[in-house]
Amino acid sequence: MPGRERSYSFTTTASLGYRPWAGGEVYLDLEGAQGIPLSGLAGLGGFTNGELAKTSGARLKLYRARAFLRQTWSHGGEQEAVESEARQLAGMVDKRRTVLTVGNLAVIDIFDDNRYSHDPRTQFMNWSLMTQGAFDYAADARGYSWGAVLEWFHDDWEVRFGRFIQPKEPNGQPLDYRIFKHYGDQLEVAHSHTLAGQPGKLRALVFRNHAVMTRYDDALNLAAQTGAVPDLNVARYGARSKQGFGINLEQALSDDVGLFARGSWADGKTEIYAFTEIDRSLSAGLLIQGRKWGRANDTLGIGVARNFLSSTHRQYLAEGGVGAFIGDGRLTYKPENILEMFYSVGISKQSSISFDWQHIRNPAYNADRGPVNALAVRLHTEF
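For the sequence shown, counting from 1, position 311 maps to 385 in the numbering used here; every step adds exactly one.
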(Lines of atoms letter the chains of each structure in order from A and count residues from 1; the text may use other names and numbers.)
(Lines give C-alpha, C1' and ligand atoms only; values in the text may rest on other atoms or scores of the structure.)
Protein backbone atom coordinates (compact mmCIF):
# COMPACT_ATOMS: atom_id res chain seq x y z
CA MET A 1 0.00 0.00 0.00
CA PRO A 2 1.71 3.23 -1.11
CA GLY A 3 2.05 5.91 1.53
CA ARG A 4 1.08 9.53 1.40
CA GLU A 5 3.30 12.02 -0.36
CA ARG A 6 3.76 15.74 0.01
CA SER A 7 4.57 18.22 -2.70
CA TYR A 8 4.73 21.97 -3.11
CA SER A 9 5.56 24.61 -5.67
CA PHE A 10 6.39 28.28 -5.34
CA THR A 11 6.58 30.47 -8.42
CA THR A 12 6.78 34.22 -8.78
CA THR A 13 6.90 36.36 -11.91
CA ALA A 14 7.77 40.01 -12.48
CA SER A 15 6.13 40.97 -15.77
CA LEU A 16 7.36 44.19 -17.38
CA GLY A 17 5.98 45.82 -20.52
CA TYR A 18 6.83 48.97 -22.47
CA ARG A 19 5.43 50.62 -25.62
CA PRO A 20 8.43 52.28 -27.36
CA TRP A 21 6.47 53.38 -30.46
CA ALA A 22 2.95 53.20 -31.86
CA GLY A 23 2.07 49.55 -32.37
CA GLY A 24 5.27 48.29 -30.76
CA GLU A 25 5.46 46.51 -27.41
CA VAL A 26 8.42 45.01 -25.55
CA TYR A 27 8.01 42.52 -22.71
CA LEU A 28 10.34 41.00 -20.14
CA ASP A 29 9.34 38.41 -17.53
CA LEU A 30 11.70 37.49 -14.70
CA GLU A 31 10.69 34.39 -12.78
CA GLY A 32 11.61 32.47 -9.66
CA ALA A 33 10.60 28.88 -8.96
CA GLN A 34 11.17 26.14 -6.42
CA GLY A 35 9.31 23.01 -5.45
CA ILE A 36 9.18 19.28 -4.86
CA PRO A 37 6.96 17.28 -7.25
CA LEU A 38 4.90 14.24 -6.35
CA SER A 39 6.80 11.01 -7.07
CA GLY A 40 9.64 12.91 -8.71
CA LEU A 41 7.28 14.13 -11.45
CA ALA A 42 6.61 10.57 -12.63
CA GLY A 43 3.75 8.11 -12.73
CA LEU A 44 1.03 10.15 -14.46
CA GLY A 45 0.05 11.32 -17.91
CA GLY A 46 -1.90 14.28 -16.54
CA PHE A 47 0.21 15.67 -13.69
CA THR A 48 -1.52 17.39 -10.80
CA ASN A 49 0.23 20.78 -10.82
CA GLY A 50 0.88 22.83 -13.94
CA GLU A 51 3.50 24.94 -12.16
CA LEU A 52 5.76 22.03 -11.20
CA ALA A 53 7.37 21.86 -14.64
CA LYS A 54 9.10 25.16 -13.79
CA THR A 55 10.59 23.99 -10.50
CA SER A 56 14.09 22.56 -10.13
CA GLY A 57 14.24 21.52 -6.48
CA ALA A 58 14.00 22.91 -3.00
CA ARG A 59 16.23 25.91 -3.75
CA LEU A 60 14.76 28.99 -5.38
CA LYS A 61 15.94 29.32 -8.99
CA LEU A 62 15.79 32.73 -10.68
CA TYR A 63 15.72 33.00 -14.47
CA ARG A 64 14.43 34.97 -17.43
CA ALA A 65 11.17 33.39 -18.57
CA ARG A 66 10.20 35.69 -21.44
CA ALA A 67 11.74 38.48 -23.52
CA PHE A 68 9.90 39.33 -26.71
CA LEU A 69 8.80 42.05 -29.11
CA ARG A 70 5.25 42.43 -30.39
CA GLN A 71 4.43 44.64 -33.38
CA THR A 72 0.83 45.41 -34.39
CA TRP A 73 -0.26 46.82 -37.76
CA SER A 74 -3.81 48.18 -37.73
CA HIS A 75 -6.15 47.66 -40.70
CA GLY A 76 -9.25 49.52 -39.51
CA GLY A 77 -12.67 48.18 -38.60
CA GLU A 78 -14.22 48.48 -35.17
CA GLN A 79 -12.05 49.00 -32.12
CA GLU A 80 -12.04 47.05 -28.88
CA ALA A 81 -10.48 47.81 -25.51
CA VAL A 82 -7.81 45.60 -23.96
CA GLU A 83 -7.07 45.76 -20.25
CA SER A 84 -3.65 45.92 -18.66
CA GLU A 85 -2.42 42.50 -17.52
CA ALA A 86 0.65 40.33 -17.77
CA ARG A 87 2.06 40.54 -21.32
CA GLN A 88 -0.64 42.98 -22.40
CA LEU A 89 -0.65 46.78 -22.24
CA ALA A 90 -3.94 48.62 -21.91
CA GLY A 91 -5.33 50.47 -24.90
CA MET A 92 -7.56 50.27 -27.94
CA VAL A 93 -6.91 47.87 -30.83
CA ASP A 94 -8.53 47.49 -34.24
CA LYS A 95 -10.52 44.31 -34.74
CA ARG A 96 -8.73 44.07 -38.09
CA ARG A 97 -5.01 43.88 -37.53
CA THR A 98 -1.82 41.90 -38.10
CA VAL A 99 0.43 41.05 -35.16
CA LEU A 100 4.01 39.74 -35.19
CA THR A 101 5.53 38.37 -31.98
CA VAL A 102 9.24 37.43 -31.90
CA GLY A 103 11.41 36.27 -29.02
CA ASN A 104 11.46 34.14 -25.90
CA LEU A 105 8.05 33.02 -24.62
CA ALA A 106 5.81 29.96 -24.22
CA VAL A 107 3.94 28.52 -27.19
CA ILE A 108 0.76 28.37 -25.08
CA ASP A 109 1.06 32.07 -24.27
CA ILE A 110 -0.52 32.52 -27.70
CA PHE A 111 -1.88 29.16 -28.87
CA ASP A 112 -4.72 27.09 -27.35
CA ASP A 113 -5.97 29.89 -25.11
CA ASN A 114 -9.25 29.41 -23.25
CA ARG A 115 -10.77 31.93 -20.85
CA TYR A 116 -12.11 29.15 -18.59
CA SER A 117 -9.17 26.75 -18.44
CA HIS A 118 -5.63 27.85 -19.24
CA ASP A 119 -3.89 29.22 -16.13
CA PRO A 120 -2.83 26.69 -13.44
CA ARG A 121 -2.16 29.57 -11.05
CA THR A 122 -5.83 30.55 -10.86
CA GLN A 123 -7.87 27.90 -12.70
CA PHE A 124 -7.49 24.13 -13.13
CA MET A 125 -4.12 22.76 -12.03
CA ASN A 126 -3.97 19.47 -13.95
CA TRP A 127 -1.82 19.39 -17.09
CA SER A 128 -4.65 17.68 -19.00
CA LEU A 129 -6.98 20.61 -18.30
CA MET A 130 -4.74 23.65 -18.68
CA THR A 131 -4.07 22.91 -22.38
CA GLN A 132 -4.50 20.22 -25.04
CA GLY A 133 -3.16 17.01 -23.49
CA ALA A 134 -1.74 15.69 -26.77
CA PHE A 135 -0.21 19.04 -27.82
CA ASP A 136 3.50 18.21 -27.54
CA TYR A 137 4.46 21.86 -28.02
CA ALA A 138 8.10 22.91 -28.35
CA ALA A 139 9.53 24.01 -25.01
CA ASP A 140 12.41 23.64 -22.62
CA ALA A 141 11.89 21.81 -19.33
CA ARG A 142 10.28 24.93 -17.82
CA GLY A 143 7.83 25.35 -20.70
CA TYR A 144 9.49 28.19 -22.65
CA SER A 145 11.12 28.49 -26.05
CA TRP A 146 12.26 30.98 -28.72
CA GLY A 147 10.32 31.60 -31.88
CA ALA A 148 7.98 33.78 -33.88
CA VAL A 149 4.21 34.00 -34.37
CA LEU A 150 2.33 35.86 -37.09
CA GLU A 151 -1.36 36.55 -36.37
CA TRP A 152 -4.17 37.93 -38.52
CA PHE A 153 -7.34 39.30 -36.92
CA HIS A 154 -10.41 40.13 -39.03
CA ASP A 155 -13.54 40.90 -37.00
CA ASP A 156 -14.62 37.53 -35.54
CA TRP A 157 -11.84 35.50 -37.19
CA GLU A 158 -8.26 34.86 -36.07
CA VAL A 159 -5.49 32.95 -37.85
CA ARG A 160 -2.03 32.44 -36.38
CA PHE A 161 1.08 30.49 -37.34
CA GLY A 162 4.17 30.03 -35.22
CA ARG A 163 7.51 28.25 -35.29
CA PHE A 164 9.53 27.58 -32.14
CA ILE A 165 12.80 25.80 -31.38
CA GLN A 166 12.94 22.40 -29.69
CA PRO A 167 15.08 21.24 -26.75
CA LYS A 168 18.31 19.45 -27.64
CA GLU A 169 17.08 16.32 -25.86
CA PRO A 170 13.59 15.11 -24.90
CA ASN A 171 12.21 17.22 -22.04
CA GLY A 172 15.60 18.85 -21.56
CA GLN A 173 16.43 22.41 -20.54
CA PRO A 174 19.06 23.35 -23.18
CA LEU A 175 17.47 24.44 -26.46
CA ASP A 176 18.53 23.67 -30.03
CA TYR A 177 18.66 27.03 -31.81
CA ARG A 178 18.70 25.54 -35.33
CA ILE A 179 15.14 26.69 -36.01
CA PHE A 180 15.16 25.56 -39.65
CA LYS A 181 16.38 22.06 -38.74
CA HIS A 182 14.59 21.11 -35.51
CA TYR A 183 11.37 22.97 -34.70
CA GLY A 184 7.74 22.90 -33.70
CA ASP A 185 5.17 24.42 -36.06
CA GLN A 186 1.58 25.20 -35.16
CA LEU A 187 -1.32 26.72 -37.06
CA GLU A 188 -4.52 27.83 -35.33
CA VAL A 189 -7.80 29.20 -36.66
CA ALA A 190 -10.32 30.72 -34.23
CA HIS A 191 -13.82 32.12 -34.61
CA SER A 192 -15.80 34.13 -32.06
CA HIS A 193 -19.56 33.66 -31.98
CA THR A 194 -22.68 34.36 -29.96
CA LEU A 195 -24.92 31.49 -28.85
CA ALA A 196 -28.21 32.18 -27.05
CA GLY A 197 -26.98 35.70 -26.42
CA GLN A 198 -23.73 34.54 -24.80
CA PRO A 199 -20.20 34.87 -26.24
CA GLY A 200 -18.08 31.90 -27.21
CA LYS A 201 -15.07 30.96 -29.29
CA LEU A 202 -14.04 27.85 -31.23
CA ARG A 203 -10.39 27.14 -32.04
CA ALA A 204 -8.88 24.51 -34.34
CA LEU A 205 -5.16 23.73 -34.03
CA VAL A 206 -2.75 21.59 -36.04
CA PHE A 207 0.90 21.06 -35.14
CA ARG A 208 3.99 19.38 -36.54
CA ASN A 209 7.22 18.77 -34.66
CA HIS A 210 10.56 17.86 -36.22
CA ALA A 211 13.40 16.78 -33.93
CA VAL A 212 15.70 13.87 -33.10
CA MET A 213 13.04 11.59 -31.64
CA THR A 214 12.83 7.83 -31.22
CA ARG A 215 10.03 5.92 -32.90
CA TYR A 216 8.42 3.35 -30.62
CA ASP A 217 8.56 0.83 -33.47
CA ASP A 218 12.33 1.28 -33.76
CA ALA A 219 12.81 0.67 -30.03
CA LEU A 220 10.57 -2.41 -30.18
CA ASN A 221 12.28 -3.83 -33.27
CA LEU A 222 15.74 -3.36 -31.77
CA ALA A 223 14.63 -5.05 -28.54
CA ALA A 224 13.25 -7.99 -30.53
CA GLN A 225 16.61 -8.40 -32.27
CA THR A 226 18.74 -8.15 -29.12
CA GLY A 227 16.43 -9.73 -26.56
CA ALA A 228 16.78 -6.65 -24.37
CA VAL A 229 14.08 -4.47 -22.85
CA PRO A 230 13.03 -1.76 -25.33
CA ASP A 231 14.84 1.51 -24.66
CA LEU A 232 14.16 4.84 -26.33
CA ASN A 233 17.71 6.05 -25.68
CA VAL A 234 19.42 3.35 -27.77
CA ALA A 235 17.13 3.65 -30.81
CA ARG A 236 17.33 7.41 -31.40
CA TYR A 237 18.51 7.24 -35.00
CA GLY A 238 17.79 10.71 -36.35
CA ALA A 239 15.23 13.42 -36.95
CA ARG A 240 11.58 12.36 -37.03
CA SER A 241 8.29 14.19 -37.34
CA LYS A 242 5.16 14.15 -35.21
CA GLN A 243 1.76 15.49 -36.26
CA GLY A 244 -1.35 16.27 -34.28
CA PHE A 245 -4.44 18.43 -33.97
CA GLY A 246 -6.81 19.81 -31.36
CA ILE A 247 -10.25 21.41 -31.02
CA ASN A 248 -10.91 23.94 -28.27
CA LEU A 249 -14.28 25.44 -27.25
CA GLU A 250 -15.09 28.15 -24.74
CA GLN A 251 -18.72 29.12 -24.24
CA ALA A 252 -20.44 31.37 -21.72
CA LEU A 253 -23.68 29.77 -20.52
CA SER A 254 -24.66 32.82 -18.46
CA ASP A 255 -22.95 35.86 -16.98
CA ASP A 256 -21.56 33.64 -14.19
CA VAL A 257 -21.08 30.22 -15.80
CA GLY A 258 -18.63 29.24 -18.52
CA LEU A 259 -18.00 25.93 -20.25
CA PHE A 260 -14.82 24.65 -21.86
CA ALA A 261 -14.12 21.53 -23.91
CA ARG A 262 -11.03 20.26 -25.69
CA GLY A 263 -10.16 17.26 -27.80
CA SER A 264 -6.65 16.53 -29.08
CA TRP A 265 -4.87 13.81 -31.06
CA ALA A 266 -1.21 13.13 -31.84
CA ASP A 267 0.00 10.33 -34.09
CA GLY A 268 1.78 8.67 -31.14
CA LYS A 269 4.50 7.11 -33.28
CA THR A 270 7.39 8.89 -31.61
CA GLU A 271 8.41 9.52 -28.03
CA ILE A 272 7.02 12.48 -26.11
CA TYR A 273 9.49 15.28 -26.72
CA ALA A 274 8.56 18.36 -24.70
CA PHE A 275 5.23 18.00 -22.87
CA THR A 276 3.72 14.90 -21.27
CA GLU A 277 2.86 11.29 -22.11
CA ILE A 278 -0.56 11.74 -23.68
CA ASP A 279 -1.32 10.79 -27.29
CA ARG A 280 -5.05 11.52 -27.29
CA SER A 281 -7.12 13.49 -24.80
CA LEU A 282 -10.67 14.67 -24.14
CA SER A 283 -11.47 17.26 -21.48
CA ALA A 284 -14.39 19.44 -20.43
CA GLY A 285 -15.60 21.43 -17.47
CA LEU A 286 -17.37 24.40 -15.95
CA LEU A 287 -16.19 27.56 -14.23
CA ILE A 288 -18.87 29.11 -12.00
CA GLN A 289 -18.65 32.53 -10.36
CA GLY A 290 -20.11 32.80 -6.85
CA ARG A 291 -22.42 35.75 -7.41
CA LYS A 292 -25.57 33.65 -6.86
CA TRP A 293 -24.50 32.66 -3.36
CA GLY A 294 -23.30 36.13 -2.45
CA ARG A 295 -19.59 35.57 -3.19
CA ALA A 296 -18.97 37.44 -6.44
CA ASN A 297 -15.17 37.04 -6.22
CA ASP A 298 -15.31 33.28 -5.56
CA THR A 299 -15.03 30.63 -8.28
CA LEU A 300 -16.06 26.97 -8.39
CA GLY A 301 -14.37 24.79 -11.01
CA ILE A 302 -15.33 21.28 -12.10
CA GLY A 303 -13.33 19.55 -14.84
CA VAL A 304 -12.81 16.06 -16.25
CA ALA A 305 -10.21 14.61 -18.61
CA ARG A 306 -9.70 11.24 -20.26
CA ASN A 307 -6.24 10.50 -21.66
CA PHE A 308 -5.14 7.76 -24.05
CA LEU A 309 -1.97 6.24 -25.54
CA SER A 310 -1.34 5.11 -29.11
CA SER A 311 -1.09 1.36 -29.79
CA THR A 312 2.70 1.38 -30.26
CA HIS A 313 3.18 3.51 -27.14
CA ARG A 314 1.15 0.95 -25.18
CA GLN A 315 3.16 -1.93 -26.61
CA TYR A 316 6.44 -0.22 -25.71
CA LEU A 317 5.35 0.15 -22.07
CA ALA A 318 3.83 -3.34 -21.93
CA GLU A 319 7.17 -4.86 -22.96
CA GLY A 320 9.00 -3.09 -20.15
CA GLY A 321 9.97 0.19 -21.77
CA VAL A 322 10.17 3.40 -19.77
CA GLY A 323 9.19 6.83 -21.06
CA ALA A 324 10.04 10.29 -19.80
CA PHE A 325 7.40 10.11 -17.07
CA ILE A 326 5.79 6.66 -17.04
CA GLY A 327 6.72 2.98 -17.19
CA ASP A 328 5.97 0.24 -14.65
CA GLY A 329 7.73 -2.67 -16.35
CA ARG A 330 4.39 -4.00 -17.55
CA LEU A 331 1.05 -2.51 -18.47
CA THR A 332 -2.58 -3.47 -18.00
CA TYR A 333 -3.83 -0.69 -20.23
CA LYS A 334 -6.82 1.48 -19.53
CA PRO A 335 -7.36 5.17 -20.30
CA GLU A 336 -6.32 7.56 -17.54
CA ASN A 337 -9.39 9.32 -16.08
CA ILE A 338 -9.12 12.58 -14.14
CA LEU A 339 -11.64 14.56 -12.11
CA GLU A 340 -10.62 17.94 -10.70
CA MET A 341 -12.70 20.23 -8.50
CA PHE A 342 -11.59 23.46 -6.87
CA TYR A 343 -13.12 26.32 -4.94
CA SER A 344 -11.34 29.65 -5.08
CA VAL A 345 -12.08 32.17 -2.32
CA GLY A 346 -11.55 35.73 -3.50
CA ILE A 347 -9.63 37.61 -0.84
CA SER A 348 -9.53 40.69 -3.07
CA LYS A 349 -9.72 41.36 -6.79
CA GLN A 350 -6.03 40.40 -7.14
CA SER A 351 -5.71 37.68 -4.50
CA SER A 352 -7.34 34.33 -3.83
CA ILE A 353 -6.91 31.09 -1.92
CA SER A 354 -8.08 27.88 -3.57
CA PHE A 355 -8.85 24.40 -2.30
CA ASP A 356 -8.33 21.72 -4.94
CA TRP A 357 -9.11 17.98 -5.16
CA GLN A 358 -8.10 15.65 -7.96
CA HIS A 359 -9.14 12.01 -8.37
CA ILE A 360 -7.19 9.97 -10.92
CA ARG A 361 -8.15 6.45 -12.00
CA ASN A 362 -5.69 4.22 -13.89
CA PRO A 363 -2.69 6.53 -13.31
CA ALA A 364 -0.11 6.18 -16.08
CA TYR A 365 -2.75 4.15 -18.00
CA ASN A 366 -2.24 1.15 -15.73
CA ALA A 367 -5.38 -0.52 -14.34
CA ASP A 368 -3.18 -2.24 -11.73
CA ARG A 369 -2.40 1.12 -10.11
CA GLY A 370 -4.42 3.71 -8.26
CA PRO A 371 -6.71 5.39 -7.80
CA VAL A 372 -4.85 8.52 -6.72
CA ASN A 373 -6.34 11.37 -4.70
CA ALA A 374 -4.48 14.68 -4.56
CA LEU A 375 -5.45 17.57 -2.29
CA ALA A 376 -4.00 21.05 -2.68
CA VAL A 377 -4.20 24.54 -1.23
CA ARG A 378 -3.16 27.34 -3.57
CA LEU A 379 -2.49 31.00 -2.76
CA HIS A 380 -2.33 33.46 -5.64
CA THR A 381 -1.75 37.19 -5.55
CA GLU A 382 -0.95 39.93 -8.06
CA PHE A 383 0.35 43.45 -7.58
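For glycine and all other residues, C-beta sits at the position ideal for the given N, C-alpha and C.
Assigned exposure category for residue i - 16 Cβ within 10 Å defines buried
i, result
"Arg21", "Look at the range of the chain in this structure, 75 to 457, and you will see that residue 21 is not part of it."
"Asn295", "exposed"
"Asn178", "buried"
"Pro94", "exposed"
"Ser83", "buried"
"Gln260", "buried"
"Tyr92", "exposed"
"Phe468", "The question about residue 468 has no answer, for the chain in this structure spans 75 to 457."
"Met75", "Low per-residue confidence applies at Met75: pLDDT is 45, beneath 50, and the placement is therefore not dependable enough to give any value."
"Ala88", "exposed"
"Arg80", "exposed"
"Leu449", "exposed"
"Glu157", "exposed"
"Arg443", "buried"
"Arg138", "exposed"
Cβ separation of residue i and residue j, assumed to be a contact under 8 angstroms, to the nearest whole Å
i, j, result
"Gly97", "Pro437", "So it is not a contact: roughly 48 angstroms between Cβ atoms."
"Asp291", "Gly395", "Not quite, the Cβ-Cβ distance comes to about 12 angstroms (not below 8 angstroms), so this is no contact."
"Ala340", "Asp353", "5 angstroms"
"Tyr439", "Glu410", "5 angstroms"
"Arg140", "Tyr101", "6 angstroms"
"Leu327", "Gln272", "6 angstroms"
"Ala285", "Tyr347", "6 angstroms"
"Val378", "Ala358", "6 angstroms"
"Glu324", "Gly397", "Between Gly397 and Glu324 the Cβ distance is about 31 angstroms, and since that is not below 8 angstroms, they are no contact."
Pair within 9 angstroms by beta-carbon distance, residue i and residue j
i, j, result
"Phe57", "Tyr211", "Within the shown structure, residues of the chain are numbered from 75 to 457, placing residue 57 beyond reach of any answer."
"Gln153", "Val173", "no"
"Thr85", "Ala107", "yes"
"Thr288", "Arg314", "yes"
"Pro445", "Arg452", "no"
"Ile400", "Gly77", "no"
"Val308", "Ala298", "no"
"Asp193", "Phe209", "no"
"Asn381", "Gly207", "yes"
"Gln240", "His265", "no"
"Glu466", "Leu163", "Outside the displayed range of the chain (75 to 457) lies residue 466, so it cannot be described from this structure."
Proximity winner among the options, relative to residue i (alpha-carbon distances)
i, options, result
"Ser422", "Arg369, Trp95, Leu224", "Arg369"
"Ala213", "Thr196, Pro248, Gly395", "Pro248"
"Glu221", "Val176, Gln206, Pro194", "For the record, residue 221 in the displayed sequence is Gly; it is not Glu. Checked all of Val176, Gln206, Pro194; the closest Cα to Gly221 is Val176."
"Gly217", "Asn245, Trp231, Leu102", "Asn245"
"Asp229", "Leu360, Arg171, Ala270", "Arg171"
"Gly342", "Lys316, Thr300, Val181", "Lys316"
"Ser355", "Gln389, Leu333, Phe319, Gln325", "Phe319"
"Lys128", "Ala264, Thr268, Phe209, Gly109", "Gly109"
"His454", "Arg138, His192, Ile427", "Ile427"
"Arg189", "Gln424, Leu276, Tyr390", "Leu276"
"Ala441", "Val263, Lys242, Leu405, Ile412", "Leu405"
"Glu125", "Ala215, His433, Tyr311", "Ala215"
"Asn447", "Gln424, Glu157, Ile412", "Ile412"
"Phe429", "Thr196, Tyr311, Glu243, Gly258", "Thr196"
"Val263", "Val303, Gly312, Asn322, Ala270", "Asn322"
"Arg252", "Glu225, Lys169, Ser219", "Ser219"
"Arg145", "Ala155, Leu90, Trp226, Asp103", "Checking the displayed sequence, the identity of residue 145 turns out to be Gln instead of Arg. Checked all of Ala155, Leu90, Trp226, Asp103; the closest Cα to Gln145 is Trp226."
Handout entry: Any 3 or more C-beta pairs closer than 8 angstroms across the stretch 352-372 and the stretch 413-424
Key = yes
Handout entry: Segment contact, 8 angstroms Cβ cut-off, at least three pairs: the stretch 143-151 with the stretch 200-212
Key = no
Handout entry: At least 3 beta-carbon pairs within less than 8 angstroms: the stretch 106-117 vs the stretch 373-381
Key = no
Problem - Cβ contact (3+ pairs, closer than 8 angstroms) linking the stretch 219-237 and the stretch 380-392 - result: no
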